[in-house]
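Q: This is the structure I have questions about; it appears just below.
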Amino acid sequence: MKRNEQRLDGPGGEQPSPPVGEQQQLARTVARQCTDAQLHLELLMPADTAVPGWRGLDPEQRWNWFQALYEQAAHLDRRYRLGLRSGWWEDDVQVEILATLGAWVAMFDYANWTDPEGKARLILQLPSVRELVRGGAQQFDPQRDREAFERHLRADVGCQESDDVR
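Following the numbering used here, the numbering of the sequence shown begins with 16 at its first residue and continues without gaps.
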């Protein structure tokens, strides 16, 4: 060992334990990250739900599908800085791309698909997705836009709230 180097391992070659306060902080950080990851996963529709879309669903199932997509779209917009605009739900192409993007992300995030090259391709496709979802005057605001979104579901998409939601 050179004169100015410090040994990082203990007497038996093991790594020294961090002080107790650091261990507790690390445990809290890991717990918070696990909770954040679980919340994230709950917002993404799996591929078998997202990709077939909403057209074959009955009105109540359609309502639930769009509600899940709305939450997923808000999450993806924050995570990937998509620049969603108000009214995205009125454009079938934007609806389909957001459903598909969420399913694609979920395949990686659920650890069902460990393909670094595939994840890189997903990330490299984000500029194309951003280009598709940027139509509209106002930026999407999930809280402000909820009423217009649900009005569209009832009037234009043939959705019906399920009894347990009303």
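For every residue, glycine included, the Cβ atom is placed at its ideal position computed from N, Cα and C.
Return the chain-ordered list of same chain residues with a C-beta closer than 7 Å to the C-beta of Pro74, the five sequence neighbours on each side being excluded.
A: Hits under 7 Å: Gly173, Cys174, Gln175.
Q: For a test of the three-state rule: what should DSSP assign to Arg159, helix, strand or coil?
A: It is helical.
Q: Helix, strand or coil for Arg96, going by three-state DSSP, please let me know.
A: In this structure, Arg96 counts as coil in the three-state DSSP scheme.
Q: What residues match up with Phe109 in a beta bridge as DSSP calls it?
A: It is Gln, not Phe, that sits at residue 109 in the sequence shown. DSSP, once it has assigned bridges, lists no residue as partnering Gln109.
Q: Report the residue from Phe123, Met122, Leu91 whose alpha carbon sits nearest the alpha carbon of Gln109.
A: Ranking the options by Cα distance to Gln109, first place goes to Leu91.
Q: Who are the near neighbours of Arg149 in its chain, counting only those whose CB is closer than 7 Å to its CB and skipping five residues on each side?
A: Correct list, in chain order: Gly98, Arg100.
Q: Reducing DSSP to helix, strand and coil, say where Gln9 ends up.
A: Nothing about residue 9 can be read from this structure; the chain reaches only from 16 to 181.
Q: Does DSSP put Gln82 in a helix, a strand or coil?
A: Correct three-state label for Gln82: helix.
Q: I need the straight-line Cα distance from Ala114 to Met60, nearest angstrom please.
A: Their backbone Cα atoms lie some 7 Å apart in a straight line.
Q: Grouping DSSP H, G and I as helix and E and B as strand, with all else coil, what is Gln154?
A: The answer is strand: DSSP assigns Gln154 an E or B state.
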